Amino acid sequence: MNATETWFTELLQKHGVALSPLQLEQFQTYYELLVEWNEKMNLTGITEREAVYEKHFYDSVTLSLFVKMDKVSSLADIGSGAGFPSLPLKICFPHLKITIVDSLNKRIQFLQHVVQTLQLQNVQCVHGRAEDIARQANHRDAYDVVTARAVARLSGLNELCLPFARKGGVFAAMKGSDPAEELNESKRSMTELKAKLTSVEHLKLPFEQSDRHILLMEKFSATPAKYPRKAGLPLKQPII
């Protein structure tokens, strides 16, 4: 085990997440594929091993500090990019049924390759705009947990993500620095999309010490028929 894997394993162990040799190997292969494919397409600006493990892998798994993953069956990751946070969560919690939605087909091809190479079961990679996919019956009001990491401002993001959450489900928006302003401007979209804020969790990355915030919202009713609006509108004309 190299130094990066050692601190990664020990830190997750402290949070009650124990990694087997197979899971560590999956993270290592994921890292190698990320760096390899990143030379052909823009997946991440972060490629140094320790930084990837801290700012992508560890950062993704921190969601499990505030959402009890053993109680979660299905998770949808909207605008997942290179697979964060859903694939690190899937590696750590193999029972999760994961749906990844991304609008760029090249990224979906990368994610499918990772899923196949790591032999991950019950992971569905869906190419399309969140606004369109959320209108499909098998995705609408369907998931225990919906998440998005560093995708867009909350007022628009709520409309992209909350329609995927089931009644009683959770939307976890993973953000960087203080989200107070975003929360303030997103109050109307939350109400319109039948959700309420249950908590704002704060943590710092272990080495860089940069701030992270996870905003947890509970969905209390089915998505109104008019949402989400057509592709592009939620971010261009957010509900404010």
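Numbering-wise (this note's numbering), the sequence shown opens with residue 20 and increments by one.
Quick reminder that beta carbons are idealized off the backbone N, C-alpha and C, glycines included.
On a predicted model such as this, the values are computed, not experimentally measured, just so you know.
{"Check": "Straight-line gap, H146 to I152 (C-alpha atoms, nearest Å)", "Outcome": "9 angstroms"}
{"Check": "Selection from E227, R168 and P107 that minimises the alpha carbon distance to F46", "Outcome": "P107"}
{"Check": "Cα-Cα separation between L181 and K245, rounded to whole angstroms", "Outcome": "13 angstroms"}
{"Check": "Three-way DSSP call (helix, strand, coil) for Y246 in this model", "Outcome": "coil"}
{"Check": "Three-state secondary structure assigned by DSSP to S218", "Outcome": "strand"}
{"Check": "Burial state of F190, where buried means 16 or more other Cβ atoms lie within 10 Å", "Outcome": "buried"}
{"Check": "Run of the alpha helix (DSSP H) containing H146, from where it starts to where it stops", "Outcome": "Where H146 is concerned, there is no enclosing alpha helix (DSSP H), although the beta strand (DSSP E) it sits in stretches over V142 to H146."}
{"Check": "In DSSP terms, what Y162 is bridged to", "Outcome": "A184"}
{"Check": "Beta-ladder partner(s) of E237, from DSSP", "Outcome": "V189 and K215"}
{"Check": "At least 3 beta-carbon pairs within less than 8 angstroms: the segment 128–142 vs the segment 212–222", "Outcome": "no"}
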